[in-house]
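Here's the structure, in structure tokens; my notes come after.
And the structure:
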């Protein structure tokens with residue numbers, strides 16, 4: 019008989035919750051995010067200003083794009099991942115630009131055995147932020 023790591027179940031739960039959001043596309047424009055969240059575009063831009071989301075410039079028109087994994091489906095409603103705000107602030111405090119922060123959030127982190135965004139979706143907020151503190155020094 020084999021044993022399954024608890025991280026496996028967190029990973030499966032994360033992918034189920036994120037895949038529903040990412041069905042809209044991996045990279046979303048501000049108008050698309052506003053439509054998905056049922057908000058005005060100015061509210062999405064305000065969320066960017068408050069560091070609740072990260073947008074990076076992409077594509078031929080160099081337009082702001084938001085990665086779908088920053089959103090989550092909770093109780094049938096899509097919303098901004100609640101743990102993202104404090105994490106983005108911590109990354110900025112550690113000297114990361116938006117591009118660097120998003121790159122780090124989407125890259126596999128050996129200590130977490132998953133990406134930091136996946137860990138945030140799985141509820142491992144403190145582990146992610148502990149790593150950020152180490153990155154700052």
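In our numbering, the protein residues as written are 19 to 155.
Note that beta-carbon positions come from the ideal geometry of N, C-alpha and C, so glycine has one too.
Do the CB positions of residue 129 and residue 102 come within less than 9 angstroms of each other? no
C-alpha distance - residue 50 paired with residue 104, whole-angstrom precision: 24 angstroms
Under the three-state reduction of DSSP, which class applies to residue 84: helix, strand or coil? strand
Check whether the stretch 121–137 touches the stretch 89–97, counting contact only when three or more Cβ pairs, one atom from each stretch, lie closer than 8 angstroms. no
Our contact map puts residue 133 next to residue 120 with C-beta atoms below 8 angstroms; I'd like the distance itself, whole angstroms only. In fact, because the Cβ distance is near 11 angstroms, the residues do not count as touching under 8 angstroms.
Using the three-state DSSP reduction, which class does residue 135 fall into: helix, strand or coil? helix
Leaving out five residues before and five after residue 66 in sequence, what residues of the same chain have Cβ atoms less than 6 angstroms from its Cβ? 73
Considering only the alpha carbon of each residue, which of 138, 46, 61 lies closest to residue 76? 46
At what residues does the beta strand (DSSP E) containing residue 73 begin and finish? 73–76
When DSSP labels each residue in this structure, what does residue 92 get in the three-state scheme? strand
C-beta atoms of residue 138 and residue 96 nearer than 9 angstroms: no
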